[in-house]
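Taking it in order: structure first as structure tokens, then the write-up.
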Amino acid sequence: MVEVLMESGGQEVVIAETGGGSRAETPTECTDKLVAQSPKMNDEKQTLTPVQEFYAGQSVFITGGTGFMGKLLIEKLLRSCPGIAFIYLLVRPKKGKDVHQRTEELIDDVLFTKLKEERPKFRHQIVAVAGDCSLPGLGLSASDRAMLTREISIVFHVAATVRFDEKLKLAVAINVQGPRDILNLCRDIMQLKACIHVSTAYANCVNMKIEEKFYDAPIDGNKLVSLVEGMDEKLVDDITKPILGRWPNTYTFTKAVAEDVIRKEGTDLPVGIFRPAIG
């Protein structure tokens with residue numbers, strides 16, 4: 001099932017870093033404790049919204065969590081749905097900083113000020129997982145992949161290269177192959193409830209009117225991946241303009257192709273597409 005959506009408008013739980021030891025408790029074992037220790041959840045146990053009920057006790061996997069859209073999503077989920085067990089973030093080392101340093105920087109963002117006041121121990125619900133959406137299989141280690149398939153039940157694929165002038169070879173690796181790798185991961189998740197692929201309202205900018213439906217892709221995703229993988233970067237650069245056709249840049253082009261990948265390859269999964277007007 002594939003759907004397309006447009007945008008309209010305490011006791012401390014100790015967990016170890018992935019790849020660096022074992023946690024004191026698994027997400028499944030400590031879900032009840034997380035719910036019980038949240039004052040907000042205790043006060044509103046009998047009046048949970050349908051959204052809060054959906055997320056209660058669930059663990060979420062988010063790619064692109066260090067970006068603008070990803071930060072907003074993390075903060076909103078933790079503040080509005082405190083019954084969430086854990087949020088696993090796919091993070092890549094960058095500019096000499098490892099995944100845990102980058103995660104701490106994310107948590108220190110002013111965006112999380114209100115959440116820190118309401119639930120100061122929320123950071124123990126955030127687990128950094130080393131990976132890179134430009135690499136095969138999201139750059140996940142075998143142990144981390146196995147852990148994710150056991151523990152998570154909801155996936156948000158937010159990661160993308162949003163540079164309009166990104167090299168086509170890299171844009172395809174991240175924006176087209178990345179979603180394919182997410183779908184492959186989802187097939188192995190033992191208790192998958194939902195997967196949301198974050199696209200953009202501009203993916204289909206060549207159309208005068210954009211509706212909540214799929215549109216024909218400029219090229220088949222598998223063909224595009226095979227094409228650019230088999231060429232050196234200079235040759236790909238030379239043929240980029242004719243490949244783009246009516247699309248103004250590699251960002252919108254690869255996002256359009258990614259939607260088609262989701263449509264064709266996600267039919268066996270509870271997956272949806274969200275097209276925000278930004279990002």
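Heads up, the sequence shown is in UniProt numbering, so the first residue is 1 and it goes up one at a time.
Ideal Cβ positions, reconstructed from N, Cα and C, are used throughout, including at glycine.
Quick caveat, the model's predicted, so the values are computed rather than measured.
Whether residue i touches residue j by CB criterion (8 Å)
{"i": "Gln-125", "j": "Leu-78", "result": "yes"}
{"i": "Cys-205", "j": "Pro-248", "result": "yes"}
{"i": "Val-176", "j": "Ala-258", "result": "yes"}
{"i": "Ile-174", "j": "Ala-194", "result": "no"}
{"i": "Val-269", "j": "Leu-183", "result": "Correcting the residue type first, residue 269 is Leu in the shown sequence and not Val. Yes."}
{"i": "Asp-109", "j": "Lys-71", "result": "yes"}
{"i": "Ala-85", "j": "Gln-58", "result": "yes"}
{"i": "Ala-203", "j": "Ala-256", "result": "yes"}
{"i": "Val-236", "j": "Met-69", "result": "no"}
{"i": "Gly-272", "j": "Ile-196", "result": "yes"}
8 Å CB neighbourhood of residue i in its chain, flanking five on each side removed
{"i": "Ile-189", "result": "Leu-148, Thr-149, Ile-152, Ser-153, Val-155"}
{"i": "Asn-207", "result": "Tyr-215"}
{"i": "Arg-123", "result": "Ile-107"}
Own chain partners of residue i with C-beta closer than 7 Å, once the 5 adjacent residues on each side are dropped
{"i": "Phe-112", "result": "Glu-75"}
{"i": "Asp-216", "result": "none"}
{"i": "Thr-66", "result": "Val-91, Arg-102, Leu-106"}
{"i": "Asp-232", "result": "none"}
Beta-carbon separation (whole angstroms), residue i vs residue j, contact threshold 8 Å
{"i": "Val-158", "j": "Val-225", "result": "The pair is not a contact, with the Cβ atoms about 21 Å apart (cut-off 8 Å)."}
{"i": "Val-91", "j": "Ala-128", "result": "5 Å"}
{"i": "Leu-168", "j": "Thr-250", "result": "5 Å"}
{"i": "Pro-218", "j": "Phe-253", "result": "6 Å"}
{"i": "Cys-133", "j": "Gly-178", "result": "4 Å"}
Cutoff 6 Å; reference residue i; Cβ partners in own chain excluding five residues on either side
{"i": "Leu-138", "result": "Gly-131, Asp-181"}
{"i": "Leu-140", "result": "Gly-131"}
{"i": "Gly-245", "result": "Pro-218"}
{"i": "Lys-114", "result": "none"}
Where residue i falls, given that 16 or more other Cβ within 10 Å makes a residue buried
{"i": "Arg-275", "result": "buried"}
{"i": "Arg-102", "result": "buried"}
{"i": "Pro-93", "result": "exposed"}
{"i": "Asp-260", "result": "buried"}
{"i": "Asp-238", "result": "exposed"}
{"i": "Thr-63", "result": "buried"}
{"i": "Ile-278", "result": "exposed"}
Inter-stretch contact at 8 Å, needing at least 3 Cβ pairs: the stretch 107-124 / the stretch 63-82: yes
Contact the stretch 255-275 vs the stretch 206-223: 3+ CB pairs below 8 Å: yes
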